[in-house]
Every structure is written in structure tokens, then in C-alpha cells.
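Take full-length UniProt numbering: the final residue in the sequence shown is number 248, and no numbers are missing along the way.
The C-beta atom is built at its ideal place from N, Cα and C for all residues, glycine as well.
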Amino acid sequence: MVMDLGGKEALLTAAAVVYGAVAGRLVPRAGYRLSVEPEEPWRSAGPCGHAVAGWLGRARCGVCGEGYGPGALLPAVVTALVCGALAAVVGARPELAVWLLAAPVAVLLAAVDRSVRRLPDVLTLPLAAGTAVLLGAAALIPGAAGSWPGALLGGAALGGGYFTLFLIHPAGMGFGDVKLAVGVGCALGWYGWQVLFLGAFAGLLLGAFYGVALLAARRAGRGTALAFGPFMIAGAWLGVLAGGAAAG
Numbered sequence: 001m002v003m004d005l006g007g008k009e010a011l012l013t014a015a016a017v018v019y020g021a022v023a024g025r026l027v028p029r030a031g032y033r034l035s036v037e038p039e040e041p042w043r044s045a046g047p048c049g050h051a052v053a054g055w056l057g058r059a060r061c062g063v064c065g066e067g068y069g070p071g072a073l074l075p076a077v078v079t080a081l082v083c084g085a086l087a088a089v090v091g092a093r094p095e096l097a098v099w100l101l102a103a104p105v106a107v108l109l110a111a112v113d114r115s116v117r118r119l120p121d122v123l124t125l126p127l128a129a130g131t132a133v134l135l136g137a138a139a140l141i142p143g144a145a146g147s148w149p150g151a152l153l154g155g156a157a158l159g160g161g162y163f164t165l166f167l168i169h170p171a172g173m174g175f176g177d178v179k180l181a182v183g184v185g186c187a188l189g190w191y192g193w194q195v196l197f198l199g200a201f202a203g204l205l206l207g208a209f210y211g212v213a214l215l216a217a218r219r220a221g222r223g224t225a226l227a228f229g230p231f232m233i234a235g236a237w238l239g240v241l242a243g244g245a246a247a248g
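Below is the structure:
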């Protein structure tokens, strides 16, 4: 019996949701270890004093069971929703594998930036390089809906744009945002310049709305530094969804 197209798409989406939930449950420990101030070493022990075993898994001590950092439920739910939406919109095209591999890293980056307003090189640089290389491989597979040169140009353009903003106002933007912009630009540029502009603008708009909301609620002042990485990542996700839908 041959499964119809709708059934295959539903199965792919369900598999992506399960994958996202599993991957999301593995990021809290890394999030705890990486959420430190600049120049500080990565955390190697929990608040209980016991050593943290490895990088992947729940943020819970394997010796005494004490939890540290955020729980695993929220990252699992967020990553599952992100991956499920990508699979539902992009479908079984080669670039979907790249998006699914990048999604847990992006969720981890957003969590670390939200916690300590820092985007570690150990995540941003591999994300940018991995996205560029894997999209190059995806472009060689029949059925790919994007352009690898467009991805490379997108990474250079968005990275250059954020670098310019950093030079103009370094107090308002960290250099980690510039490095993240390279990976974000590669992902968005894969689907073309319109998607690149859409995703970049969406990130800026989401960040602006959040800042205005904090000011209105008197939870922040005009000079308050905000973590911008989560909004860049959210904008990139929306842009990739739009690009995947248009390519379908």
C-alpha cells in the first residue's frame, strides 16, 4: 500500500517534532555550563559542588539529583515546535536536514544569550561554518530549493551589516551578534535576497517591540542592554519558513 503525499508530510513533521523534543532535552546542561560572564571558564560543577558530567543532558546532578539552571521541558517544547514547523513548511527537501541540525544549536544560543547576554564563539562560529558547508552539500542533491552562492553572499552581507552597526555603536551591540549574523545570513540567503531582508528585518522588529514593551512596563531604562540574539534567531526562523513556503 502506497502512502499518499499528505501522509508522508505528516509523518515527516511528526518525526521532526520527536527529534526536536529529544534534541531540546539535551541542551539544558550545555546551557548551564556556557552561561558565564566573559573571561570566566565554563562551569564544571553544579551549585552542589559535584562535577558536571559531560555537555549533553538535563541540568541535574548525577550524584545528588539537585537541579541547576532551567529545566528541560521548555527547551524540549520550543525545539520540537521549531523543528515541526520547519518540516511542515520546507518538506522533504535536502536543506531541511541543515535546518534541523541548526535548530538545537540556535535554541541553546538563545537560552545562553537570554541568561548572560553572551553569544559564545564555541557556538556561533561552528553554527556559521556548519550552515555554510552543509548548505553547500545540500545544493548538490536534487530537489534543493535554494542557492549556495546566495547563502554565502547572505552570510557576508548580514555579517557585514551587523559589523558596521557594531562599529557605529559598540555599546549597543556585542561582537557575538556580528558572528551570529553570519550564520543567520547564510540560512536566509539560501532562499534569496527577499528572504534575507525579511528575516533580518523581522529580528530587528521583534527586538524593538520587546524593548518598547519593557520601557512601557518600566522594567528597563533607555540605557538597559538587551539580549538581541534570541530575536535574531526568531527572525531567521520566520524568514526560513517564509522562504521554504515560497519555494514549495
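Asked	Found
Is the stretch 174-185 in contact with the stretch 224-241, if contact means three or more CB pairs nearer than 8 angstroms?	yes
Give me the Cβ distance between glycine 235 and alanine 200, rounded to the nearest whole Å; I'm assuming they're in contact under 8 angstroms.	7 angstroms
Mapping DSSP to helix, strand and coil, what is glycine 67?	strand
Tell me the DSSP secondary structure of threonine 13 in three-state form.	helix
If we count the other Cβ atoms within 10 Å of its Cβ and call it buried at 16 or more, is arginine 219 buried or exposed?	exposed
Just the Cα atoms here: how many angstroms apart are alanine 102 and valine 112?	16 angstroms
Considering only their Cβ atoms, is the gap separating proline 41 from arginine 118 smaller than 8 angstroms?	no
With DSSP as the reference, identify every bridge partner of residue 249, one or two as the case may be.	Limits of the chain in this structure are 1 at one end and 248 at the other, which puts residue 249 out of reach.
So, helix, strand or coil for arginine 218, using DSSP?	coil
Which residues bound the alpha helix (DSSP H) around proline 126?	121-139
Taking buried to mean at least 16 other C-beta atoms within 10 Å of its own C-beta, is glycine 62 buried or exposed?	exposed
Just how far apart, CA to CA, sit residue 265 and glycine 65?	Shown here, the chain extends from 1 to 248; a query on residue 265 therefore has no answer.
Rank Gly203, Pro94, Leu214 by C-alpha distance to the C-alpha of glycine 239 and give the top, closest one.	Gly203
Whole angstroms are fine: how far does the CA of alanine 97 sit from the CA of leucine 11?	15 angstroms
Give every residue of the same chain whose Cβ lies closer than 7 angstroms to the Cβ of proline 94, excluding the five residues on either side of it in the sequence, and list them in chain order.	Ala138, Ile141, Gly143, Ala144
Would the beta-carbon of proline 104 be found less than 7 angstroms away from any heavy atom of the ligand ADP?	This structure lacks the ligand ADP; in fact it carries no ligand of any kind.
Per DSSP, which residues does arginine 60 bridge with? Please list them.	Gly67
Since I believe arginine 29 is in contact with alanine 59 (beta carbons under 8 angstroms), could you give me their beta-carbon distance rounded to a whole number of angstroms?	5 angstroms
On a Cα-Cα basis, can you pick out the residue from Gly57, Pro126, Ala156 that is closest to tryptophan 190?	Ala156
Count the other CB atoms, across all protein chains shown, that sit within 10 Å of the CB of aspartate 44; report buried if there are 16 or more and exposed otherwise.	Inspection of the sequence shows that residue 44 is occupied by serine rather than by aspartate. Burial call: exposed.
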